[in-house]
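If you count by this note's numbering, then the sequence shown holds residues 13 to 250, one letter each, in order.
We treat Cβ as the ideally placed atom computed from N, Cα and C, and that holds for glycine.
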Amino acid sequence: MENAPQMLEMFYEGKAKKLYATADPDLVIAYFKDDATAFNAKKRGTIEDKGVMNNRMSELFFTLLEGNGIPTHFVRRLSDREMLCRRLQIIPAETVVRNIVAGSMAKRLGREEGEKLKHTIVEYYYKSDALDDPLIYPEHAVLFGWATAEELDTIHAMALRVNDVLSGFLDQRGVILVDFKLEFGRHHGKILLGDEICPDTCRFWDKATLQKLDKDRFRRDLGDVEGAYHEMLRRVSN
Ligand code: UDP
């Protein structure tokens, strides 16, 4: 095992993770917290051991994606709550991929949750807490200099690839990938997939029962939030 890199100053604290510098300017350490927020932090709570489960699940998914040729910021998991990552200059547009209508799409467009989309759609949201992450056209990102048109093409293609790989993997484990959010960033000019992939950022439904195995259990007070995260980790670990 390589020596663990030293954790230097914290330079960013988000809702679910803290980021620390290391002696290497190209590498950062992500620390996964148990804090849970929803509706732009208007609802707050903690989910016991969420940080541990999300770190482990993200490791599994990033490893799977790297194995399928999708470049990510993941280097290795350092401990229960720490992950070593490549430092990214984050693009301030969240990428949401949807296979089935749910959440904000159901609400915005007056559609039933659970409606299967004829084909996968990729949406972008401007990362701004002050504006509640509004839905944007990809052109807005180009107009306002958040990403180049070429970068957006790369992101769009990568997001669809991620969907194919994850949907297939999860289907074999009895899970429907309803929708998910990705973040991308630049590392030495190259677009890498960043952030985390876990029940906080994806909607996972059990294939047989359609039971929710993700953060909607917290958002909607459905109970047994921890149980759902544990169940997802168990399924993807096999
Ligand atoms: N999502 C996320 N962070 C956000 C917004 C959405 O991880 O700030 C994820 C969410 O878990 C879901 C997908 O992106 O898997 C689509 O979310 P949606 O737009 O339906 O919004 P929500 O219903 O979560 O407000």
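Can you tell me the Cβ-Cβ gap for R98 and L194, rounded? I've got them flagged as a contact below 8 angstroms. At roughly 16 angstroms, the Cβ-Cβ gap does not stay under 8 angstroms, so R98 and L194 are not in contact.
Assuming the contact rule is C-beta atoms closer than 8 angstroms, I59 and E208 should be a hit. Round their C-beta distance to whole Å, please. So it is not a contact: roughly 14 angstroms between Cβ atoms.
In angstroms, rounded to a whole number, what distance separates the CA positions of I188 and F181? 10 angstroms
Answer yes or no: the CB of D144 versus the heavy atoms of ligand 1, is any distance below 7 angstroms? no
In the DSSP assignment, the alpha helix (DSSP H) including M69 goes from what residue to what residue? 62-79
At which residue ranges does the region 83-149 contain complete beta strand (DSSP E) runs of 3 or more residues, listed in the order of the chain? 86-89, 94-98, 105-112, 128-138
Local conformation of H168 per DSSP, three classes: helix
Confirm, please, whether the CB-CB distance from E125 to V113 is below 8 angstroms. yes
Under a Cβ-count criterion, where at least 16 other Cβ atoms within 10 Å of its own Cβ denotes burial, should Y149 be classed as buried or exposed? exposed
Where do the ends of the alpha helix (DSSP H) carrying A240 lie? 237-249
Of the residues M244, L245, C214, the one placed nearest N111, counting alpha carbons only: C214
Helix, strand or coil for A35 per DSSP? coil
Three-way DSSP call (helix, strand, coil) for D191 in this model: strand
Neighbourhood of V87 by C-beta distance below 7 angstroms, restricted to the same chain and skipping five residues each side: L39, L96, C97, R98
Where the alpha helix (DSSP H) containing R56 begins and where it ends: R56 -> not in any alpha helix (DSSP H); beta strand (DSSP E) instead, spanning 55-58.
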